Structures are given as structure tokens and as C-alpha cells.
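Undergrad:
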């Protein structure tokens, strides 16, 4: 019995015995049995503990996985979207979710305070990483762990934690941030599901959240319970399923073998290229901030067919707000065009909505900037498909207004390029709109393709393309002639195509304005993308005449892009044409791309009777005045080119070319071509040499998605996929087809103001490329000149102007034709690379008006020179005013004011005449003719008028003949020389004057006329400072004029603001450009007892001050009765040449302050002072104070790139010494205050 | 009844003659059919080639010279021609732009919806030749695949082919 009791298997027997009979048990045996039973129980408990412990250990270190085999699981569906976010990672850097796009990632939620659970999660994820690495997919997935208790889990804590946990590895981000920002991310719908409760996750509570699998396109594809024993396998299986979704078309599109071979072959040729090529481009789109994404209609994707939608969209560039930085407008097919403002330093911001140029309800094709009303800022014209082209007027400061209605430019059709030029040389730019031809039906359908973009634009409508669209040139009923519009003035245009004989018979994608026969009148070379090109000669601005065919006996059959340029610097214009469509007749390999197309199409399709070149054409103008086609001789051929941007990329004096070239799904990748001009003798392929190819972001992108269980299971496009080798039978439920990337439009310009030229593209179905050049850093003898032209008699944009420059052996010629690339017409300065030249010997401008202007030196190298059109006269001579004419209105052109005329009368005249908003004041001295508040005043009805000086024009407050000789204010008789009142925008311009003579004269009399009507309810009542401050210029109310090239000198006021006083009273908004612009101005020897002797921004005022010189201005001067205040006036603060009162905003950029009595006092936070010089602002005299200071700033956060040196550089010790040079050396100014010390290059004021 | 010598000869003659006549009739009939199809007797062999959904559909004009009648012969992807025949192919399209492209025979012409194009040639080379797909329709076939074949064979083979279709 005892043995039976010991046997655990007989335990039940013992119990039965005990219960069924009275016990007759030996107590010793009972005790032994009990002991043994206890022991067994104990052992069993130990095993369980051990199992638990092992289980817990397994869970912490190794999950209980069945095997490493993939599981049988349903294909992961799309469960939600991740809203874009930006938090701070464990290294303290900001991390944006956009960086996760392109590969799947796993989200997890941690709290280092809940150590065991968090450790469990981390260990699981580490295991996942190991498993992915084993399968070779490690680099293709990311991990993001969100700290849900950010108050405790700071970056430092996370960093320590990740290191300790062995999780501080590339590709794994631990994100934290401010409590609210983290909450906003963690509490989004998709993550709430991970927490299961649907409610807000309270701080510190984990609630056992799931892992979240997010795909390459920021869509949630699954939730995974970390407690589940197969969680890793589940994730592995589903991530493999995501990988299986990818279908590459063609199969090698992401990494074709020929790219490496091609790169190597080209790199081997580098040594044979004489042109400088030791520089490179890198795509800095992400760091630029540009987020624009080009999106396409289904006809180019999921409903693919051969139709002209694949021609893409354009890009245009101009300085839209007058800050001398070039801004970019991207055109989109779907989802809306975007305007990106250049902030400097290679950074941009999206201002589409606030600028008012959002066009989203139509398929965009191209855009062009040009000043259509000669008011000094570029206007914008956008072409679209069938829903109407759009005209925007630039109101100044980058604000636009849609003025299509009534402009005559709202044509609805298949428009393509917009080409501005002055056909009749009347000083107004006219417009050619090219129309391709009818390639769409009237049937409308919806875009369905955007599931993988993260922005569902599903629902945009578009016109379905014809299946035989590319045979449209064979059908007369599909012809859609281009339109030519004459500019009538007052922002109105008239279609004069028929009247002037412009009978377009081609399928015209683009055209070039070029003086083909050198008769001084701009002709038109119109491309035909499916046949012979057409040339129309301009007969003296009266009509067009089709040129004889022997002028260009053979033209490219499929012409798509064009640029007139001087290839060999012989002073003549050659014409480079790119041919895309000939290349479509045969699919060839990369090794044949430099050959002309072996045309496969029959004559019945071509219809050119042997008069075609099947490839690019380069027409060189011969000495005999004929054009000969020399494309192959020069090496100008390439494959699939759309168009070209031309400029001197290596600044060697010879213009180079960037050819956007590609097709997309379902064809292979095609490289963009970068052709270096090798001394005017040959084009040299260099896209791999200078880093344009291969693209850093890859060669393919997701093109469209197919729902194989739903609407797409019988999609016609599956036939294409099958023919390209895809195994349809193996498709999972959801497939993402990847296609080749491809550029369409481009523009070349100096994007980051470092002197070299950069390239921006508009891609098909993807982000643009922002290719920044490092030439300025790498080229030893780097020299350039930018030439900004301002027409006065000619159109203001100076379109049609020819600039000739001679520098040593270089003879350069450029035409401002606006042609910046394929579907790209822009307005920006001309760029001359100067090679090794050390000086410019000659510079002359041939204006469209016929004026020839020679610019005398010295002309500084590596600068931008602005040339305003003036009559040809000898250097130094003051232009003799022509016969005095009355101010009676002429039919067109500016209003001229001459000595003896009344400028205010001219302003009133401009108010009455909507077509004449420009007033030119000729050289002389102008005085007020009676005492009053101001000599010249602008208010709301004067908005939009440009008042500019020609020659030396002095506006003075002084009139000794009328002033009271006994008055302290003698000889001044006005409070302000110039007054800008309420209702003035950046469209109002004051330019070129010298302003002086204010001497503390103050009257508040409104006789005989009030300069400012009362403004009710805006906190804009006229108080003390309205009358007293602003001797030179007073700006009051909602008033934001543009003041440039003005010298304000020798003015006195009391108490403040002798030079300029700005009094916005809170009506400012820097984000909307509601600030005054002071640019290229000089403030000299202005004096006041208190503060802001040069520029004074009273409470709530705003200004942008660019390239200005502040010298010898004296604040803190002797007190007078007006200035006296109880007690001492801020003995140690305040009283700078530039003063900002509280709640004021300023951006000071590239200015110089020297010799003033204190430079700047700013009691605000966050104002910006960039690239400026503050040197020895320690003028003697004034109130006894502490040391004279350079900067008295409440905050130094916005001060960067500045050089500061003086008795007291940084009064409050707030300036960041890493960002600025505090205690700088002597700039060694020359007479014009240009620093001669090398380290000041690019910093401070430069004479304009 | 016993046939006399004369009666047997007559009988034999009649049967033989009838048989020969029948054979001749059949032969002439078939020959006439072939002649009316094979373009060998003055009138060219006329065929409509219609591109539709990326296929070539061929319709042979029957002896009545009219399309879309009962005597038409139709084929998809396969064009059979008698050697030596004058051929006229009317090219049409229901949807895309097609190129009727047979480089081996030097043939290339387009078919475009709502437009009429045609090819005229003599089928001089016997053999089988590929009809290629041209990129102008925006579509590519997998390597080795074609849009169809042209088969140039003897008149009798052509006749046999006609019968099958």
C-alpha cells in the first residue's frame, strides 16, 4: 500500500481507499506519504515556475514561435491612413513622416517607465529586424517607436534607453516631442485602433497597444498583438505580402543593368572634354522644403493609352515679390498648381493659397510669367485643357488676382505653351498660346489613381483621350490652331491670329520668339510635333508671313522643344530643337540613343514627303545667312527628349543644355541629357559626369494600384502587364505597379544665390528635382554676371532685349526671350559665365525700342547689375530734358514730370487714367510750393502707381523762399517730403529719388487739402507721431509701399524717425507680405533727439529692409521741447539708427550699419537680421550713456550670418556667436562702403 | 437477261464517260472557285484587314465582290494568300492606330479609325511571314509574339485554307 501511495499514478487509489474504508494506516507511512506528496507538489510547482519563467524569458527574449515559415494569412487590406507628422527623434533632430514614404515601416508605442513591457516590445522588434536582415529585407523596412509619455521620455532619456536596449540603430526612430504634438500623432484614428479603446490614451498608460504595419504609401495594413506568440511571423508574412504587391514594369525598371555600363562608358570620356566639368549637381528637393507632387490622369496610368496627356506639365520662374529671389510655379495635371516662394539659402515655402494662384479644377499644362501691364511685377498666365486658360495679375508683393474674365485670354481648348513677346514693339508684351490639337473626346471620367499618394484626389474629372490620339494630324477636324493675342493695354488682349495671318496648321506644343532674319522684328518658330515645323516672319509688327520652306528645308518630324542660343559665341543665334516623337517609332536600346531614329512609320502617317529630320535638329546660322542642320556633327542627338533649358552651367562663357528626356510606364527608364558646350565646337554628354544621372532617389516610382479582387480584376491594363512579363496568376489581392520616372519641364537659374546655376524640373507623376550645383565651390576661377533688365520705353520685362558683353576674349550675346525650358517661359535675369575673365570690358543692351544703351564700367564681377532702359548718352552727362511738355495724357506710355511741374498733379493724373500708372520724374530739384503736411502724398486711390526718377532727382522739404526765416525749422515747410497713407500695397513704388530737407517742421493743418482722410474704427486716428515723425518719408496705416534705390539724407525730426517713420499700428502680417519694402536704399546723416534716426518702426509696424546702407545717422541727439519727456530717456537702451518699438517686425538682410550713433535697438522677439554688417556705430556726442552699441536686441534668435564689431557689439549678450562673427575685423570699406576684406564677401550692402 | 457484247460496251462507255464528266466537273468547279479567289484572273484578291482590340481581323471579299455577305471568308491573325496573286488589302481600325507591318515582304501601312488606307502588292514569295506590332498603338507584345502571320502558298493550298474557313 505504501508503494502504491508513493506512486503518483496511484494517488487516486489511495484516496479511494481512504474514503471507502475506515483508516487503518501506519502513521509513519502516512507521514512519509504526505512528505512525498508534498515533495511532488513542490516539484510540480517548481516546474511550473520554471516554465513561467522560461515563458516570460522567452517572451522577453525569444517569442514562442512555431517555426520560421510564413503563415497562411489573408492578404493585408488597407485599414487606414497615417496623417503626416513631424516629431523629434532620439538624437534631438526633427523627423518628418515623409521620410518613411517608399518603404514599409512598423509603428510601436513605448514608455520607458513601464520597463518590462517596453523591453518586451523592443526585444520583439529587434528579433523582427534580425529576421528581416536574414531574408535580405532589412534595409527595406523602417521602425518607429512613439514615446507616449513625452514629458518623461525626453530625447535624452530615449537616447540612453535605446543604447542600453541595443536599439540605437539606423532606420529605427524613437520619437518624442511636446506633449500636445505627440498626443496629436498618437491619437490619430489609425493609432487609436492600435490601442483598442478608441479613446484618448492617458499619459503613462500603455494599454497594451499593437504594433502597426504601415506600407510604403503611408497606409495602415495591419495590427499585431505583441502578446501573440506568432507576432513576428505574422509581421514577416505580411511584409512579404507587401513586397509581393510590387510589380515592376519593365521587370528591371528599378535597377536596369545598362545604367551602370552607360555611366562607366561616359565617365571614361570625361578626360576628353575640354569644358570644365569638375563640378556636380545633387538633388536637394527634400531639404528645400518643396513638397509639390505632380499627379497624372488615368490615361497615363491605370487606363494607359497613347495620348498627349503623357506630355506632362510645365514650370515657370520669376521674382514674384520683388525680393530679388526667384520663385517657382509648378503646374499640375491633377491636384492643383503650386507657387513656391524662395526664402533664400535654398529654402522655399508654399504660398499658393495666400498668393491667390491656386488652379485645381482643370488639367494644367504650362505657365508663363511676364509683366503684362508694365507695373514692375511679373504676372502669371496658365494654360489648361478645355476648361479655360487663366490670367493672374500680380498686385505686388506676390499677391495675385484672377483677371481672366474680361482679359480675352480665357480660351478653352487643348492649349500648351504660353509665349510672351512684343510683336509690334509698342512696349506691351503680346501672347502666343500654342494649341496642340484635339486629342480628347467629350467623354469625361474620374481620376482614380491616387490611393498610393496618401492624398486621395479621387474624383477629379478629365476628358478621356482618343485611342488614336496620335493620328490626330491625319484628321482635319482635330486641328486646333494656335492663337496670337495682341496686348491692348489695361490688361486686355485680343485674338488677332487671322487678322495678322498666323495660320497655324500644325500640332503645336511650343514655339520660340526669335529674330530669324535679323531685321529687328521678333519672328515665330512654331514646332509641329507631328509634321513639318512652321516659321512665321514678323513683317514690321503689322502681320505674320509664312516663311518659304527653303529657309529650313528639313525640320524635325516630332518637334517638342526649342531654344535659340549662340552656341559658338559668334554673335548669331542658332536654334536647337528636340524631337521626341520620331523616337517613338521604334523601341531601341540605350546604345543607340545618339543615332537618328530609323523611322518605321510610313509616309501615309508622316505626310512630310521626305522633308523631315528624324531626331533633334541644330540649325546653325551660317555666314551667308542661311541655316544649316548640324545636329549630328555637333553631337546634339539624344533619346526621348521633351525640351531643353540652356544656360552656362559651368560658367565658362559657353552655354550648355539640359534636355529633359524620358518616357514612363510602360516603357523603360530614359536618362535626362546634360550637354556641355565644349568651346563652341561640340556638345559633350555629361549627365553622369556631373551627377545628374543616375538619380539619387531611384529610377522608378509607384505608378498606380490595382484592386485585383474588385474593380480592376479585368482592367485592360492587365494585358499590358502580361505582355511585359508579369505573372498575373501570382498577383495578390492588391498590386502596385511601379513605372519609370521621367522629367518633363525644367528651368535653370541660381536658386540659392551662390552665383552658380541650378536646375529645377517638373516630373511626370512625382516630386520635382531640385538639382543644386557646387560649381561656385569647386571652380577655381569662377566669375559671372547677372543682368537684370527693366524696360521703360520697351516692355518692362525687357522681352526681346539683346545683351552683348565683352570680357577679354569672350564675346557673349544673349537674348531675353523668356524661354526657360519645355513648357517653361520665365522672367529672370540673364546670366553670363565669364570664364577666366577678370573684368568686363563692355556691356551693351539693344532694347526692343531701338535704344542702344552702353553700360560703362567698372562693372563688378559676381554680382547682379540692374539696367534700366535709358537713352544712349555719354557717361556722366546729365540727360538734357526734352522740350517741356504738359502733363496732359498721351494715349499710352509713362507720364513725364520735369522741373517746374507738380508731381502731385501727375499722381492725380495717373489716378484718372487707368492705362498710365507710371510717372517718370526727370532730373532736377523739386520743392513744395506751399506749407503743408507733405510735399507728395499717396493714399488708397494712388495705389498701383510707380513714381520713379530718371537722372538725379532731389525731393526736398525745403523752400527757402516760402519758409519762415525765424523758425527753427527753416527752410522746411512740410512735415514729410513723401507720405504714404492708408490703402497702399506693394504695387505702389517709389524709386530712384534723393529725399532730404526735413527740419522738424510740423503742422496739423489740413489746408488746402488733407493728405489722409479719417479712418474710423481701425485704431488709426491721427496722433502725435503721425505729424511729427518721418521727415523724409512717413508711412501710416495699412500702407506697404515698395521703396527702392532711394537715398534719404540730411533730415531732422523730433522726436523720432528723421529718415523714415513707419506707423502701422498693428496692421501688419509678414506672412502676407504686409510690410514696407526698403531695398537698395541709403540712409545718411539723418538726426533726431530720441530714436530711429534713419528708420523708425513705431508700435506694431513691419518692414523688410534689403541691401541698404545706414551711415552717420544720429539718434539720441540734443533734446528739444518736443522730445523732452519726464526723466531721462533710456540712458542705455533704445536710440539706434534703426529702432523697432514693441510688436514690430522686421527682416534685415544684407545691410550695412556704420558710423551711426548706435546701430539697432529692437525690443521684440524673432526678428531676422541676416548677412549684415554692424561696424563701429559709435558716433560721438548725444546723451551720456554707456558704450555706444551695435545691437541692442531683446532676442538674438533671428540674427545670423552677421559681422559685428564696435565698442559694444552685443549690448545684452544675446547674439549667437556660432551663427555670427561677434568682434569681427575691420571690413575696410571703400568709398562706396563695399567691404574690401575678403571674409565679408556676400555680406552687407552693395551699391545698386 | 444476258447482255450482248454491244450492250456491255455501251454500259462501260457510259459509266466511264459519266465518271470522267463528274471528275471534270468537280475539277473545273474547284478551279473556278480558286480562280475567283486567287487573283490570278484579272481581278485582285481583295481583303479587309481590320485592327480591333489589338488583333487583325481579315475578311476576304467573296466572289460577289462585296464585303459582309455570306460568301466572305474570315480569319483572325492569319492571312493566307495564293502565290503570285495580286492582292489589295483595305486597312481599317475600330480603335487604335495600327501598322500592318510585315518587313519580310516589305509591307507597311497604317490603319486609323474612320480613315481608309490600303496596300497593293503581289504575293511573289512563298512562305510564312510575321505580322509585327508597331509601337504606334502604344502597346507591346512579349518577345516572340506577333500580331499574326501571312502565309503565301500554292493556289490549291490556298483553296484548302479557304474551305476550312
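Chains as they are written, first to last, in my numbering: chain A, 1 to 1248; chain B, 1249 to 1413.
Backbone N, C-alpha and C define an ideal beta-carbon position, used for all residues, glycine too.
In this text the structure is predicted, and so the values were computed from the model without any measurement.
1) Looking at chain A, is there any beta carbon in it that lies within less than 8 Å of the beta carbon of residue 1353 of chain B?
2) Does the CB of residue 696 of chain A have a neighbour CB from chain B at under 8 Å?
3) At 8 Å on the CB atoms, spell out the chain B contacts of residue 725 of chain A, in chain order.
4) In angstroms with no decimal places, state the Cα-to-Cα distance between residue 239 of chain A and residue 306 of chain A.
5) Grouping DSSP H, G and I as helix and E and B as strand, with all else coil, what is residue 623 of chain A?
6) If you draw a straight line from the C-alpha of residue 1057 of chain A to the C-alpha of residue 1173 of chain A, how long is it?
7) Using a Cβ cut-off of 8 Å, which residues of the segment 461 to 474 of chain A contact any Cβ in chain B, in chain order?
8) Would the beta-carbon of residue 1403 of chain B fall within 8 Å of that of residue 1311 of chain B?
9) Counting pairs of Cβ atoms below 8 Å between the segment 283 to 296 of chain A and the segment 826 to 846 of chain A, do you hit three or more?
10) Quick one: is residue 1317 of chain B buried, meaning 16 or more other Cβ sit within 10 Å of its Cβ, or exposed?
11) According to DSSP, what are the bridge partners of residue 1334 of chain B?
12) Count the other CB atoms within 10 Å of the CB of residue 269 of chain A; is the residue buried (16 or more) or exposed (fewer)?
13) So what's residue 241 of chain A in DSSP terms, helix, strand or just coil?
14) Buried or exposed for residue 542 of chain A, going by 16 or more other Cβ atoms inside 10 Å?
15) Can we say the segment 479 to 497 of chain A touches the segment 426 to 435 of chain A, given the rule of at least three CB pairs closer than 8 Å?
16) Using a threshold of 8 Å, state whether the C-beta atoms of residue 555 of chain A and residue 416 of chain A are closer than that.
17) Identify every residue that forms a DSSP beta bridge with residue 1074 of chain A.
18) Quick one: which chain B residues come within Cβ less than 7 Å of residue 602 of chain A?
19) Is residue 1146 of chain A helix, strand or coil by DSSP?
20) Among A/167, A/1179, A/275, which residue has its Cα nearest to the Cα of residue 679 of chain A?
21) Give the C-beta separation of residue 576 of chain A and residue 657 of chain A to the nearest angstrom, bearing in mind that I take them to be a contact with Cβ-Cβ under 8 Å.
22) Since residue 665 of chain A meets chain B, which of its residues come closer than 9 Å, beta carbon to beta carbon?
23) By the criterion of Cβ-Cβ separation under 9 Å, what are the contact partners of residue 1379 of chain B in chain A?
24) Beta-carbon of residue 1415 of chain B versus every beta-carbon of chain A: anything under 8 Å?
25) Within the 8 Å Cβ cut-off, does residue 605 of chain A reach chain B?
26) Counting C-beta neighbours from all protein chains within 10 Å, is the total for residue 1413 of chain B 16 or more, i.e. buried, or is it exposed?
27) What separation, rounded to the nearest whole angstrom, lies between the Cα atoms of residue 1343 of chain B and residue 1300 of chain B?
28) Is the number of C-beta pairs between the segment 1047 to 1056 of chain A and the segment 944 to 953 of chain A that are closer than 8 Å three or more?
29) Which of helix, strand or coil does DSSP assign to residue 813 of chain A?
30) Can you have a look at residue 904 of chain A and say buried or exposed, based on whether 16 or more other CB atoms are within 10 angstroms of its CB?
31) Which partner residues of residue 1350 of chain B appear in the DSSP bridge assignment?
32) Would you mind telling me which residues of chain A sit closer than 7 Å to residue 1382 of chain B, beta carbon to beta carbon, in chain order?
33) Roughly how many whole angstroms lie between the Cα atoms of residue 721 of chain A and residue 603 of chain A?
34) Along chain A, in chain order, which residues have C-beta atoms closer than 9 Å to that of residue 1343 of chain B?
35) Between the Cα of residue 1082 of chain A and those of A/1023, A/1116, A/1045, spot the shortest distance and give me the residue it belongs to.
36) Indicate whether residue 1249 of chain A and residue 216 of chain A have their beta-carbon atoms separated by less than 8 Å.
TA: Looking at the atomic coordinates:
1) no
2) no
3) 1390
4) 35 Å
5) coil
6) 21 Å
7) 467, 468, 470, 471, 474
8) no
9) no
10) exposed
11) B/1370
12) exposed
13) helix
14) exposed
15) yes
16) no
17) A/1069
18) 1356, 1357, 1358
19) strand
20) A/275
21) 7 Å
22) Those within 9 Å of residue 665 of chain A in chain B number zero; the least Cβ separation is about 11 Å.
23) Correct list: empty, because the minimum Cβ distance to chain A is about 14 Å.
24) Residue numbering for chain B in the displayed model covers 1249 to 1413; residue 1415 of chain B lies beyond these limits and cannot be assessed.
25) yes
26) exposed
27) 6 Å
28) no
29) strand
30) buried
31) B/1355
32) 600
33) 31 Å
34) 467, 468
35) A/1045
36) Examination of residue 1249 of chain A is not possible in this model, given that chain A is present from 1 through 1248 alone.
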